[in-house]
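Numbered per numbering that gives the first Met the number 0, the sequence shown spans residues 0 to 296.
This report refers to the structure that appears directly beneath it.
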Amino acid sequence: MAGNVEQAVNHGPTASEYIVHHLQHMQYNFNLEAVKQTKIVDFSLFNADSLIWSILMGVLGCWLLWLGARKATSGVPGRFQAAVEVMAEMVENQAKGVIHNAKSRKLISPLALTVFVWIFLMNALDLLPVDLVPEMWARSYAAAGHDPHHAYMRIVPTADLSTTLGLSVGVLLVCLFYNIKIKGLGGWAHELVAAPFGNHPLLYPINFLMQVIEYVAKTVSHGMRLFGNMFAGELVFMLIALMGGAWALSGTGIGLAIGHIIAGSVWAIFHILIITLQAFIFMMLTLIYTGQAHEAH
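Below you can see the structure in the form of structure tokens.
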């Protein structure tokens, strides 16, 4: 037993190697060749794991909402139907407060509800044990004859900046659509150069620059807020996992085991609030930004 422990300590990854491995995405270029990102921004590759898990959670979320709608009855609702109705009513009430166009709400309210459920499900993947899915993937990778050390799998899409910025860019496109739909292309173009400092030819360049900065700032902050919170939460779970790993490898230090259980339980309970709150904040900002697209400066 002592020899096995010593071997594990000598050949197992260090704490930093463990974290770096868990933070590495399954990345491919568009020729479907495995690659690693070397630049901060690289559009020649994509994170396959983020795509897989976000699509799976999107399908699951749509299925749950469809199931709730299909089973809706006029009588006393069951627990599942009641939960769906509470969410839908909550989103609709929030939408009424910021979007006064009833016709627009017919599209934006379901969109916001879908966003809330989708992001909540993606965030909730962070509650799974840190090593569960990556270890299963590494074993299947090894069974296929590949080096398990190169088996990368991150299962929380919202801890990936490309996912959250992709979501915020999607919201930006919806805002641009409603700007043009409500104000007309000419009206919106005029607003771009006439607000916020006034309709004067000398102020047009400054107004346009300020409008561009506003759109970029809202989009980046929208995505960064979700990413920052989920990335930090994922990192804390990894650090807690290292406490249990240190105890398992050493076989001593019962305090590490107790700390691992207590810290893991407390953080998981607290994280339930975080994943719900972040989904709600993203949904609310989606409503607010689309609501602003209906207003004239």
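C-beta atoms are modelled at their ideal positions from N, C-alpha and C, and glycine is treated no differently.
Limits of the beta strand (DSSP E) - the one that residue i falls within
i      : result
Leu127 : Note, Leu127: premise wrong, no beta strand (DSSP E); not H, not E.
Phe176 : No beta strand (DSSP E) contains Phe176, which is instead part of the alpha helix (DSSP H) from Leu160 to Ala193.
Leu44  : Leu44 to Asn46
Neighbour-count burial assignment, residue i, 16 or more Cβ in a 10 Å radius
i      : result
Cys61  : exposed
Gly254 : exposed
Gly222 : buried
Val19  : exposed
Trp52  : buried
His270 : buried
Thr285 : buried
Gly183 : exposed
Ser108 : buried
Gly186 : exposed
His199 : exposed
His148 : exposed
Ala247 : exposed
Thr157 : buried
Ile268 : exposed
Length of the line joining the Cα atoms of residue i and residue j
i      : j      : result
Leu31  : Trp136 : 18 Å
Ala123 : Val34  : 28 Å
Pro133 : Ala231 : 19 Å
Ile260 : Asn100 : 50 Å
Met86  : Leu64  : 10 Å
Ala7   : Pro128 : Residue placement at Ala7 is poorly supported in this model, since its pLDDT is 39, which falls under 50; the coordinates still yield a value, given next. Looking at the two C-alpha atoms, the distance is approximately 21 Å.
Pro204 : Gly169 : 27 Å
Ala143 : Ala150 : 11 Å
Gln277 : Gly96  : 20 Å
Leu272 : Leu201 : 49 Å
Phe42  : Pro76  : 48 Å
Ala1   : Ala245 : No answer about Ala1 holds up, because its pLDDT of 37 lies below 50 and its placement is not dependable.
Ala295 : Ala262 : 50 Å
Met209 : Pro195 : 8 Å
Per-residue DSSP class, three states only, for residue i
i      : result
Leu255 : helix
Ala295 : coil
Ala33  : strand
Phe196 : coil
Thr72  : coil
Lys105 : helix
Ala216 : helix
Val211 : helix
Met242 : helix
Ile51  : helix
Tyr203 : helix
N- and C-terminal bounds of the alpha helix (DSSP H) containing residue i
i      : result
Gln80  : Arg78 to Val97
Tyr27  : That residue, Tyr27, is in no alpha helix (DSSP H); its beta strand (DSSP E) goes Gln26 to Asn28.
Ala14  : Ala14 to His21
Tyr140 : Leu131 to Ala142
Beta-carbon gap between residue i and residue j smaller than 8 Å
i      : j      : result
Phe236 : Asp125 : yes
Met229 : Phe115 : no
Thr218 : Ile98  : no
Asn178 : Ala292 : yes
Val155 : Met121 : yes
Val90  : Leu112 : yes
Ser73  : Thr162 : no
Gly165 : Trp117 : no
Ala256 : Asp130 : no
Leu160 : Phe119 : no
Tyr27  : Ala47  : yes
Distance cut-off 7 Å: residue i Cβ against heavy atoms of the ligand SAH
i     : result
Tyr17 : In terms of ligand content, the structure shown is empty, and the ligand SAH therefore cannot be addressed.
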